[in-house]
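This report refers to the structure that appears directly beneath it.
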Amino acid sequence: MDPGSQFICASHLKTRRSFWVLGITFGIFVAIQFSALPNSSTISSLFSAGKFTLFGRWDFEAKNQSDSRTAGNPKNTYLVKDSASSSTFEDSRNSKLDNSSPSVPEIFDSSASNKQIEEFSSSIAPHASSGSVPQQLTVAFPPAVSSPITTSQINMDLVSPAMSVQNHEKHIMKTDEKGSLMQRNVSLLRNNSSAGHGKSSLPTSAVYSISAMNKLLLQSQSLPRAVIVKWNSTADQELLYAKSQIQDAPVHRNSTELYASLYRNVSMFKRSYELMDKVLKVYIYKEGEKPIFHESILEGIYASEGWFLKLMESNKQYATDDPAKAHLFYLPFSSRLLQLTLYVRHSHSRNNLIEYMKRYVGMLGQKYPFWNRTNGEDHFLAACHDWAPAETRGPMLSCLRALCNADINVGFEIGKDVALPTVYVRSAQNPLKDIGGKPPSQRPILAFFAGYMHGNVRPLLLDCWGKDPDMRIFGRMPHVKGNKNYIEHMKSSKYCICAKGYAVHSPRVVESIFYECVPVIISDNYVPPFFEVLNWESFAVFVLEKDIPKLKDILLSISEEKYLEMQKRVKEVQKHFLWHADPVKYDMFHMILHSVWYNRVFRIQSP
Numbered sequence: 001m002d003p004g005s006q007f008i009c010a011s012h013l014k015t016r017r018s019f020w021v022l023g024i025t026f027g028i029f030v031a032i033q034f035s036a037l038p039n040s041s042t043i044s045s046l047f048s049a050g051k052f053t054l055f056g057r058w059d060f061e062a063k064n065q066s067d068s069r070t071a072g073n074p075k076n077t078y079l080v081k082d083s084a085s086s087s088t089f090e091d092s093r094n095s096k097l098d099n100s101s102p103s104v105p106e107i108f109d110s111s112a113s114n115k116q117i118e119e120f121s122s123s124i125a126p127h128a129s130s131g132s133v134p135q136q137l138t139v140a141f142p143p144a145v146s147s148p149i150t151t152s153q154i155n156m157d158l159v160s161p162a163m164s165v166q167n168h169e170k171h172i173m174k175t176d177e178k179g180s181l182m183q184r185n186v187s188l189l190r191n192n193s194s195a196g197h198g199k200s201s202l203p204t205s206a207v208y209s210i211s212a213m214n215k216l217l218l219q220s221q222s223l224p225r226a227v228i229v230k231w232n233s234t235a236d237q238e239l240l241y242a243k244s245q246i247q248d249a250p251v252h253r254n255s256t257e258l259y260a261s262l263y264r265n266v267s268m269f270k271r272s273y274e275l276m277d278k279v280l281k282v283y284i285y286k287e288g289e290k291p292i293f294h295e296s297i298l299e300g301i302y303a304s305e306g307w308f309l310k311l312m313e314s315n316k317q318y319a320t321d322d323p324a325k326a327h328l329f330y331l332p333f334s335s336r337l338l339q340l341t342l343y344v345r346h347s348h349s350r351n352n353l354i355e356y357m358k359r360y361v362g363m364l365g366q367k368y369p370f371w372n373r374t375n376g377e378d379h380f381l382a383a384c385h386d387w388a389p390a391e392t393r394g395p396m397l398s399c400l401r402a403l404c405n406a407d408i409n410v411g412f413e414i415g416k417d418v419a420l421p422t423v424y425v426r427s428a429q430n431p432l433k434d435i436g437g438k439p440p441s442q443r444p445i446l447a448f449f450a451g452y453m454h455g456n457v458r459p460l461l462l463d464c465w466g467k468d469p470d471m472r473i474f475g476r477m478p479h480v481k482g483n484k485n486y487i488e489h490m491k492s493s494k495y496c497i498c499a500k501g502y503a504v505h506s507p508r509v510v511e512s513i514f515y516e517c518v519p520v521i522i523s524d525n526y527v528p529p530f531f532e533v534l535n536w537e538s539f540a541v542f543v544l545e546k547d548i549p550k551l552k553d554i555l556l557s558i559s560e561e562k563y564l565e566m567q568k569r570v571k572e573v574q575k576h577f578l579w580h581a582d583p584v585k586y587d588m589f590h591m592i593l594h595s596v597w598y599n600r601v602f603r604i605q606s607p
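Every letter in the sequence shown is one number past the one before it in UniProt numbering, and letter 442, counting from 1, is 442.
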């Protein structure tokens with residue numbers, strides 16, 4: 001780095017440190033003032049603007065609502081496009097919900113219970129908790145959002161404190177004298193954290209390196225857990241058998257399908273995938289109304305949850321109508337549509353979203369015995385919105401949560417939760433458009449980044465390296481039809497920078513793989529997708545946020561031979577990050593489902 005750039009970078013660090021101190025002081029002042037206000041969190045009084053019937057028919061009192069963009073069979077409708085998505089690759093977080101009518105048709109009749117469910121429930125009734133489902137649970141919720149939510153509004157209340165998540169886990173899990181596994185993991189990592197070494201203008205919270213995350217994963221699979229299961233099922237025995245088969249998997253060499261160096265243990269992955277393909281059965285709850293449940297957004301940066309929901313509900317191989325055969329239970333909701341539907345502009349509160357999901361789970365627990373049998377540990381969800389960790393607080397913390405916002409510091413638990421890939425889908429009709437990249441010899445750019453200056457990592461990156469002749473570090477690029485300029489830069493770069501914005505996740509990780517560019521992940525505490533099985537260090541570079549001033553030196557220290565091997569592995573791993581209208585072996589749909597299956601298998605304990 002030249003002296004001028006060093007001066008700019010150092011000045012930037014000092015200036016940001018001053019703003020950080022002022023921000024903390026102001027935050028403490030606001031917190032003290034707020035604590036003196038009377039408690040007004042009761043939902044029925046907060047959200048009197050509109051009424052919402054939780055599991056019956058609903059009505060919004062919002063005006064000037066536009067037509068919905070839908071496609072497909074009316075029995076399995078989905079929103080093609082996230083109306084908030086920018087025409088660029090950027091996650092601007094401006095939101096608007098289009099509704100086709102003031103009311104949404106009811107799609108589940110609570111009186112028409114599945115006969116198999118009734119028979120199964122009756123057979124285990126002595127073991128299950130009793131309770132009846134209320135005929136109608138009505139709560140005053142806000143009207144549909146009819147105007148954009150600005151980035152500043154979302155940023156003010158983006159991240160939930162990790163401590164609150166841990167405290168709640170004390171109430172839903174039986175713990176020993178030393179506390180839960182999650183608490184032991186966090187304590188271990190904070191004692192060994194490298195945070196605080198070196199100078200940085202960034203917040204000084206605990207930093208989990210990729211090697212520390214690897215240790216957490218090993219711990220989660222080896223340490224005993226205190227789990228309360230009310231009764232054992234045939235499905236549990238099948239999972240225990242699968243666990244033993246995976247642990248004793250025969251040694252597998254490289255094949256045309258799997259490139260061994262991409263995986264933590266290719267033999268275990270291959271055996272686990274085979275067993276999932278033969279054994280796994282998933283029960284999908286029919287309860288819940290559109291648009292929050294059973295509806296998908298297939299374009300934009302939150303598309304992963306929509307694609308998974310759509311493909312899961314249309315799947316014939318894994319889905320079952322018999323809960324007695326189910327190894328997993330799927331909660332088919334959209335975190336993006338939950339936010340668009342219920343969030344009150346300028347409220348800076350997600351309490352009603354959390355309460356809505358809490359009531360939904362409570363209804364399932366009253367109606368069926370499945371949730372109560374394991375306290376939800378065999379239930380799972382897929383949610384891609386930034387707020388999903390908060391939306392799934394409360395009883396849903398015990399679920400296997402597939403989250404795009406896979407941040408350890410906001411409650412993501414390695415070994416239980418699954419890191420869901422964040423994918424920017426530009427065309428639902430052709431999700432693989434423009435796939436591929438140039439060969440290494442035709443990639444003259446050392447490193448590339450372009451995007452909004454969200455958060456504090458990206459501005460630092462731009463200040464330090466925006467003028468370097470070997471790198472292309474920009475703010476937002478001018479929009480060109482089809483984003484050809486952005487895509488061409490990715491296809492022409494050796495390394496593609498995946499710098500965090502407001503949250504740890506970014507679509508650039510998958511974009512890099514899509515365009516065969518080696519990803520450079522600059523996002524402390526971010527757990528990359530399919531962490532359970534993929535050896536990310538074999539095809540990606542991880543740089544701590546505090547080391548941004550050393551970025552060029554780090555990249556230049558990688559030999560040409562090593563770079564070529566990493567780029568080859570990026571091409572090999574690409575098949576795991578692709579959406580297909582009809583799922584194919586080892587693609588994104590199967591990999592998400594496999595990670596959920598894999599974590600469930602390794603969390604189950606012998607009776």
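Heads up, the beta-carbon is just placed ideally off N, CA and C, and yes, glycines get one too.
Bear in mind that the values here come from a model prediction, so they are computed numbers and not experimental data.
Go ahead and label Glu-377 buried or exposed: buried means 16 or more other beta carbons lie within 10 angstroms of its beta carbon, across all protein chains shown.
With 16 or more Cβ atoms within 10 Å of its Cβ, Glu-377 is classed as buried.
Using the Cα positions of Lys-230 and His-327, report the straight-line distance between them to the nearest angstrom.
The C-alpha of Lys-230 lies about 16 Å from the C-alpha of His-327.
Using C-beta distances below 8 Å, list every residue in its chain close to Ser-427, excluding the 5 sequence neighbours before and after it, in chain order.
Same-chain partners within the cutoff: Glu-299 and Lys-433.
Mind checking Met-253: buried by the 16 CB within 10 Å criterion, or exposed?
Position check: residue 253 holds Arg in this sequence, whereas Met was assumed. Around the beta carbon of Arg-253, fewer than 16 other beta carbons sit within 10 angstroms, so the residue counts as exposed.
If you compare alpha carbons, which of Ser-557, Thr-374, Val-418 and Pro-549 is closest to Phe-531?
Ranking the options by Cα distance to Phe-531, first place goes to Val-418.
Quick one: give me the first and last residue of the alpha helix (DSSP H) that residue 615 is part of.
Given that the chain is displayed from residue 1 to residue 607, the structure contains no residue 615 and the question cannot be resolved.
In this structure, what does DSSP give as the bridge partners for Arg-472?
Residue pairing of Arg-472 in beta bridges, as defined by DSSP: Phe-448.
Taking the alpha helix (DSSP H) that Phe-514 falls in, what are its first and last residues?
Counting along the chain, the alpha helix (DSSP H) containing Phe-514 begins and ends at 508-514.
Could you name the residues of the same chain whose beta carbon sits closer than 6 Å to that of Phe-474, not counting the 5 residues immediately before and after it, in chain order?
Cβ within range, chain order: Ala-450.
Between which two residues does the alpha helix (DSSP H) harbouring His-489 extend?
Residues 484-491.
Would you call residue 633 buried or exposed, if buried means 16 or more other Cβ atoms sit within 10 Å of its Cβ?
Lying outside 1 to 607, the shown extent of the chain, residue 633 is not represented and no answer is given.
Identify, in the order they occur along the chain, each residue of the same chain with its Cβ nearer than 7 Å to the Cβ of Asn-599, setting aside the five sequence neighbours on each side.
Taking C-beta separations shorter than 7 Å and ignoring five residues to either side along the sequence, the partners of Asn-599 in its chain run Leu-400, Gly-415, Lys-416, Val-418 and Glu-532, following chain order.
Straight-line CA distance for Pro-421 to Asn-351?
About 26 Å.
Cβ distance (whole Å) where Tyr-502 is taken to contact Asp-386 below 8 Å:
Indeed, because the Cβ distance is near 7 Å, the residues count as touching under 8 Å.
Quick one: what's Gly-300 bridged to in DSSP?
DSSP lists Val-425 as partners of Gly-300.
Buried or exposed: Glu-511, going by 16 or more other Cβ atoms within 10 Å of its Cβ?
So Glu-511 ends up on the buried side.
Assuming Lys-281 and Tyr-318 are in contact, meaning their beta carbons sit under 8 Å apart, how far apart are those beta carbons, in whole angstroms?
For Lys-281 against Tyr-318, the beta-carbon gap comes to about 6 Å, under 8 Å, which counts as contact.
Collapsed DSSP secondary structure at Asp-236 in the structure displayed:
In this structure, Asp-236 counts as helix in the three-state DSSP scheme.
Could you compute how far the alpha carbon of Asn-214 sits from the alpha carbon of Glu-537?
Near 11 Å, if we compare the C-alpha coordinates of Glu-537 and Asn-214.
Contact defined as beta carbons within less than 8 Å: I believe Ile-228 pairs with Asn-456. What is the distance between those atoms, to the nearest angstrom?
Between Ile-228 and Asn-456, the beta carbon gap of about 42 Å keeps them out of contact (Cβ cut-off 8 Å).
Given a threshold of 16 other Cβ atoms within 10 Å of its Cβ, counted over all protein chains shown, does Ile-297 qualify as buried or as exposed?
Residue burial annotation: Ile-297 is buried, with at least 16 other C-beta atoms found within 10 angstroms of its C-beta.
Would you check if there are 3 or more beta carbon pairs closer than 8 Å linking the region 268-282 to the region 541-557?
Under the 8 Å Cβ criterion, the region 268-282 does not count as touching the region 541-557, having fewer than three qualifying pairs.
Status (buried if at least 16 other CB within 10 Å, exposed otherwise) for Asp-470:
Exposed, because fewer than 16 other Cβ atoms sit within 10 Å of the Cβ of Asp-470.
On a CA-only basis, which of Phe-380, His-346 and His-580 is nearest Gln-429? Give me that one, please.
The shortest Cα separation from Gln-429 among Phe-380, His-346 and His-580 belongs to His-580.
Given a threshold of 16 other Cβ atoms within 10 Å of its Cβ, counted over all protein chains shown, does Asn-191 qualify as buried or as exposed?
Below a pLDDT of 50, predicted positions are generally treated as unreliable, and Asn-191, at 36, falls in that range; the measurement from the model is reported next regardless. Exposed, because fewer than 16 other Cβ atoms sit within 10 Å of the Cβ of Asn-191.
Val-266 lies in the alpha helix (DSSP H); which residues open and close that run?
Looking at the DSSP string, the run of the alpha helix (DSSP H) that includes Val-266 is 266-279.
The region 281-294 touching the region 333-345, judged by at least three CB pairs closer than 8 Å:
In this structure the region 281-294 touches the region 333-345; the number of beta carbon pairs closer than 8 Å is three or more.
Gln-567, buried or exposed, once every other Cβ within 10 Å from all chains shown has been counted against 16
The Cβ neighbour count for Gln-567, taken over all protein chains shown within 10 Å, is at least 16; the residue is labelled buried.
Check for me: the beta strand (DSSP E) holding Leu-564 runs from which residue to which?
That residue, Leu-564, is in no beta strand (DSSP E); its alpha helix (DSSP H) goes 560-573.
Between which two residues does the beta strand (DSSP E) carrying Pro-440 extend?
Per DSSP, Pro-440 lies in no beta strand (DSSP E) and is assigned neither H nor E.
Taking the C-alpha atoms as reference points, what is the distance between Gly-394 and Lys-585?
Taking the straight line from one Cα to the other gives about 35 Å.
Quick one: Cα of Ser-130 to Cα of Gly-306, how far?
Residue confidence is low: Ser-130 scores 34 on pLDDT, short of 50, so the model does not pin down where it sits. Its coordinate-derived value is still stated next. Their backbone Cα atoms lie some 34 Å apart in a straight line.
Nearest to Ile-487 (by Cα), restricted to the options Glu-391, Pro-529 and Glu-516:
The option with the nearest alpha carbon to Ile-487 is Glu-516.
CB-CB under 6 Å to Met-490, same chain, minus the five flanking residues each way: which ones, in chain order?
Taking C-beta separations shorter than 6 Å and ignoring five residues to either side along the sequence, the partners of Met-490 in its chain run Cys-496, Tyr-515 and Cys-517, following chain order.
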